Structure formats: C-alpha cells, structure tokens
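Asks: Residue numbers (the numbering used here): 26 to 126.
Just so you know, even glycine gets a beta-carbon here, dropped at the ideal spot from N, CA and C.
The structure presented is a predicted model; accordingly, all values stated were derived computationally and were not measured.
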Amino acid sequence: MLSPQFVEEMKQQLLAKKKQLEDDLGELTPHTELGDDMDENAEEINVDEVNQDLIVAMNADLEKVNKALEKIAAGTYGTDDDGKEISEARLRAIPWADKAI
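1. By a C-beta neighbour count over all protein chains shown, 10 Å radius and 16 as the cutoff for buried, is LEU40 buried or exposed?
2. Do ARG115 and ILE97 have their CB atoms nearer than 8 Å?
3. Based on DSSP bridge pairs, tell me the residues matched to GLU88.
4. Let's see if you can read the secondary structure: which residues bound the alpha helix (DSSP H) around LYS44?
5. Going along the chain, which residues of its own chain have a beta-carbon closer than 7 Å to the beta-carbon of LEU53, five neighbours each way excluded?
6. Alpha carbon to alpha carbon, what distance is there between MET26 and LEU87?
7. May I ask which residues mark the beginning and end of the alpha helix (DSSP H) holding GLU113?
8. How would you call PRO120, buried or exposed, if buried means at least 16 neighbouring beta carbons within 10 angstroms?
9. Cutting at 7 Å between CB atoms, please list the residues of its own chain near GLY100, excluding the five before and the five after it.
10. Does the beta-carbon distance from ASP48 to LYS89 come in below 8 Å?
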C-alpha cells in the first residue's frame with residue numbers, strides 16, 4: 026500500500042505535468058490561413074501535420090494524467106484496472122502509469 030505522503034508527492038507531479046501539457050497544447054495551433062506562395066504553403070502544411078501528431082500524443086498523455094488524478098481522488102491510485110498493485114518504483118518513474126508490470 027502506498028503511503029499518503031507518496032500519493033501526495035505523485036499528485037503534485039501529476040498536477041505539474043497536467044499544467045505543462047495544457048500550456049504546450051495551447052501553443053500548438055495549426056495555421057489555418059494559406060497564402061499565394063505554394064512553397065510557403067507546403068512548409069506550413071508540413072508544420073501543421075507535425076503539430077497535429079504532437080497534439081494527438083499530448084492529448085493522450087493528458088488523458089492518462091487526468092485518469093491518474095481521478096484515481097487519487099477515488100483512493101485507487103497505484104492499482105491497475107485488474108486490481109494489481111503498481112510498484113512505487115514504477116509510479117516514481119511514470120506517475121501516470123496504469124499497468125502493473
């Protein structure tokens with residue numbers, strides 16, 4: 026069983042990660058306006074595609090962080106969906122880990 030101090034420490038790390046992801050997502054906005062220069066448009070479209078991939082990955086991470094915070098609130102943090110305990114070492118490495126290994 027995880028100590029309340031450890032859970033609080035992980036909660037603070039998760040909240041910091043959540044803020045970082047939300048801030049980063051706020052900065053990644055696609056270019057919606059294209060100009061007359063085809064080369065410039067191609068470059069902007071390429072940047073938009075890369076940004077879109079980053080947005081998808083960051084949203085997935087944000088979902089995992091939010092799920093971990095929900096588990097803390099519910100008192101089930103540190104267990105996976107099968108009820109297996111996730112090790113403290115794994116949670117220290119990845120506070121939003123959702124699988125025991």
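Replies: Result, derived from the coordinates:
1. Within the sequence shown, residue 40 is the residue found at index 15, counting from 1. Label assigned to LEU40: exposed.
2. On the sequence shown, position 90 is the one that residue 115 refers to. On the sequence shown, position 72 is the one that residue 97 refers to. In this structure, ILE97 does not lie closer than 8 Å to ARG115 by Cβ.
3. Sequence index remark: in the sequence shown, residue 88 carries index 63 (1-based). Bridge partners of GLU88: none, in fact.
4. Residue 44 sits at position 19 when you count from the first residue of the sequence shown. Residues 29-52.
5. For the purposes of this step, residue 53 is taken as the residue at position 28 of the sequence shown. So the list reads ASN76, LEU79 and ILE80, once near-sequence residues are dropped.
6. Mapped onto the sequence shown, residue 87 falls at position 62. Mapped onto the sequence shown, residue 26 falls at position 1. Approximately 25 Å between the Cα atoms of the pair.
7. Here residue 113 corresponds to residue number 88 of the sequence shown, with the count starting at 1. 113-118 is the span of the alpha helix (DSSP H), which, as asked, contains GLU113.
8. The sequence position of residue 120 within the sequence shown is 95, counting from 1. When all chains shown are included, PRO120 counts as buried.
9. On the sequence shown, residue 100 is found 75 positions in, with the first residue counted as 1. For GLY100, where only same-chain residues beyond five positions count, there are no Cβ hits under 7 Å.
10. What you label residue 48 is simply residue 23 of the sequence shown in a count that begins at 1. What you label residue 89 is simply residue 64 of the sequence shown in a count that begins at 1. In terms of Cβ geometry, ASP48 and LYS89 do not form a close pair [threshold 8 Å].
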